[in-house]
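Down below is the structure, laid out as structure tokens.
There are 2 protein chains.
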Amino acid sequence: MQFSSRLPIATHILLCIVTFDGKEKLTSDFLAGSVNVNPVIIRNTLGKLKTAGLVKVDAGIGGAHLAKDPQQITLLDVFRAVEEEDDLFHFHDNPNPDCPVGCHVHDVLDDKLDGVNDAMKAQLASICLQTLIDDLQHKIQSEKE
Amino acid sequence: MQFSSRLPIATHILLCIVTFDGKEKLTSDFLAGSVNVNPVIIRNTLGKLKTAGLVKVDAGIGGAHLAKDPQQITLLDVFRAVEEEDDLFHFHDNPNPDCPVGCHVHDVLDDKLDGVNDAMKAQLASICLQTLIDDLQHKIQSEKE
DNA sequence: ATGCGTTGTAACTATTGACATTACAACAAA
DNA sequence: TTTGTTGTAATGTCAATAGTTACAACGCAT
Chain A
3 MQFSSRLPIA THILLCIVTF DGKEKLTSDF LAGSVNVNPV IIRNTLGKLK TAGLVKVDAG
63 IGGAHLAKDP QQITLLDVFR AVEEEDDLFH FHDNPNPDCP VGCHVHDVLD DKLDGVNDAM
123 KAQLASICLQ TLIDDLQHKI QSEKE
Chain B
3 MQFSSRLPIA THILLCIVTF DGKEKLTSDF LAGSVNVNPV IIRNTLGKLK TAGLVKVDAG
63 IGGAHLAKDP QQITLLDVFR AVEEEDDLFH FHDNPNPDCP VGCHVHDVLD DKLDGVNDAM
123 KAQLASICLQ TLIDDLQHKI QSEKE
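Residue numbers (the working numbering), protein chains in the order written: chain A, 3 to 147; chain B, 3 to 147.
Given below as structure tokens:
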């Protein structure tokens with residue numbers, strides 16, 4: 003069981019936007035070429051990022067740009083933009099209320115699982131887009147040499 | 003996107019085993035009654051827990067018991083027993099190698115996403131079965147009053 | 001040793017979500 | 001108005017979860 007590829011794809015898109023802004027026209031076709039998925043996936047993802055206030059998209063003429071400073075965007079922002087914000091774990095539906103265990107599992111487990119959820123979110127929040135950009139630039143530079 | 007209900011179900015089963023051991027015969031039918039899922043799901047889950055060395059199951063006669071001290075079992079053990087151990091995030095398959103972004107996203111993102119993975123695992127590892135049992139007993143006691 | 005209740009599995013189905021793809025209306029600039 | 005693009009709906013495919021039925025293998029009790 004794992005998450006969809008939405009977060010990686012969205013991050014890839016953001017990195018492209020920063021890298022190519024001003025140099026290329028960032029249409030969904032262009033982005034689809036780098037990410038290597040269908041342009042409609044790009045448009046849907048871009049739509050979610052736009053709703054979340056992370057990017058601006060020029061309808062008609064085409065092209066996407068960041069709406070915020072890369073230092074102000076964390077992976078948690080991206081995650082929340084593209085994934086449904088629900089609990090990490092899916093609790094089984096109807097534990098038996100007449101069983102001493104069944105009627106309390108929820109109470110006992112929910113807190114702990116929320117903690118796991120929070121740990122994951124905190125880690126995502128600790129990574130900002132600027133860091134990724136710096137890493138990326140570094141890789142690109144060291145490749146040229 | 004979220005995990006399956008396997009971890010909650012497996013934890014529920016373990017709590018039942020501890021709570022009812024010696025008092026009830028812990029057949030898959032009995033457990034299915036508390037968890038409220040199909041007995042086959044219980045048997046499959048129990049099979050995974052057995053493979054992981056967490057429980058012992060008496061075939062034929064029926065009945066399940068812990069194979070380890072509840073203090074020695076963490077939620078990470080349970081998680082690993084019942085979920086496929088793969089990366090939390092599914093990376094999109096073939097980023098364009100001819101694009102400066104596409105050929106480096108993996109390098110840039112993998113470490114960070116592994117970090118998120120590790121954070122989640124660490125949190126799971128910090129919760130042991132004994133703690134859950136204590137919590138559960140406490141809830142049961144305070145209800146009686 | 002035979003019958004009974006249980007486990008271990010395989011097979012089948014239904015449901016859901018991810019992702020790809022086609023199609024087309026809405027939109028903005030030249 | 002033409003052109004290229006976005007936004008979005010509709011559809012198809014695939015994989016995973018979970019429910020269910022069925023039955024062989026197993027182990028105790030009589």
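The beta carbon of each residue, even a glycine, is placed where N, CA and C say it ideally should be.
| Check | Outcome |
| --- | --- |
| So that I know if they touch, is there some Cβ in chain B lying closer than 8 Å to that of A:LEU162? | Only positions 3 to 147 of chain A appear in this structure, which leaves residue 162 of chain A out of reach. |
| Hey, quick one: how far does the beta strand (DSSP E) through A:ALA66 stretch, first residue to last? | 66-68 |
| Kindly say whether B:VAL42, judged by its beta-carbon, lies nearer than 8 Å to any beta-carbon of chain A. | no |
| Looking at C-beta atoms only, is the number of pairs between the region 52-63 of chain A and the region 85-96 of chain A that lie closer than 8 Å three or more? | no |
| Quick check on B:GLY35 - is its C-beta less than 8 Å from some C-beta in chain A? | yes |
| Using a Cβ cut-off of 8 Å, pull out every chain A residue sitting near B:ILE11, in sequence order please. | HIS94 |
| Roughly how many whole angstroms lie between the Cα atoms of A:ALA121 and B:ARG8? | 20 Å |
| Look at the alpha carbon of B:GLU26 and the alpha carbon of B:ASN98, and state the distance between them as a whole number of angstroms. | 59 Å |
| For A:ASP89, collect the residues of the same chain with a Cβ closer than 8 Å to its Cβ; drop the 5 residues on either side in sequence, then sort them by chain order. | LEU115, ASP116 and ASN119 |
| Just to check my reading of the structure: A:LEU68 and A:ILE19 have Cβ atoms closer than 8 Å, yes? What is that Cβ distance to the nearest angstrom? | 6 Å |
| Straight-line CA distance for B:GLY49 to B:ASP79? | 14 Å |
| Provide the residue(s) that pair with B:VAL59 in DSSP beta bridges, ordered along the chain. | B:ALA66 |
| Which residue from A:ILE44, A:GLN4, A:THR29 and A:LEU16 puts its Cα closest to that of A:CYS130? | A:LEU16 |
| DSSP three-state call for A:GLU1: helix, strand or coil? | The structure shown has nothing for residue 1 of chain A, since chain A only spans 3 to 147. |
| For A:SER144, count neighbouring Cβ atoms within 10 angstroms of its own Cβ and tell me buried if that reaches 16, exposed if not. | exposed |
| Whose C-alpha, out of B:ASP100, B:ASP112 and B:GLY64, is nearest the C-alpha of A:SER36? | B:ASP100 |
| Mind checking which residues open and close the alpha helix (DSSP H) that includes B:CYS18? | 8-22 |
| Rank A:VAL103, A:PHE81, A:GLU147 and A:GLY24 by C-alpha distance to the C-alpha of A:PRO10 and give the top, closest one. | A:PHE81 |
| State the start and end residues of the unbroken alpha helix (DSSP H) segment that holds B:ASP71. | Run containing B:ASP71: none; DSSP gives neither H nor E here. |
| Sort A:HIS108, A:GLY104 and A:GLN74 by Cα distance to A:THR133 and report the nearest one. | A:GLN74 |
| Using only CA atoms, which one of B:GLY62, B:PHE22, B:ASP109 and B:ALA127 lies nearest to A:HIS140? | B:ASP109 |
| Does B:THR47 come within less than 8 Å of chain A when only Cβ atoms are used? | no |
| Whole angstroms are fine: how far does the CA of B:THR13 sit from the CA of B:GLY24? | 19 Å |
| What residue does the alpha helix (DSSP H) around A:GLN125 start on, and which one ends it? | 107-127 |
| Comparing alpha-carbon positions, which option in B:PRO41, B:SER128, B:SER6 and B:LEU138 lies nearest A:CYS105? | B:LEU138 |
| Excluding the five sequence neighbours on either side, which residues of its own chain have a C-beta within less than 8 Å of the C-beta of B:ARG45, listed in chain order? | SER30 |
| Suppose the cutoff is 7 Å on Cβ atoms and the five residues either side in sequence are ignored; what does the same chain contact list for B:VAL59 look like? | LEU48, LYS52 and ALA66 |
| Looking only at its chain, what residues have a beta carbon closer than 7 Å to the beta carbon of B:LYS123, apart from the 5 residues adjacent to it on each side? | LEU78 |
| Is it buried or exposed, B:ALA83, if we count other Cβ atoms within 10 angstroms and call 16 or more buried? | buried |
| Quick check: is the beta carbon of A:GLY64 nearer than 8 Å to any beta carbon in chain B? | no |
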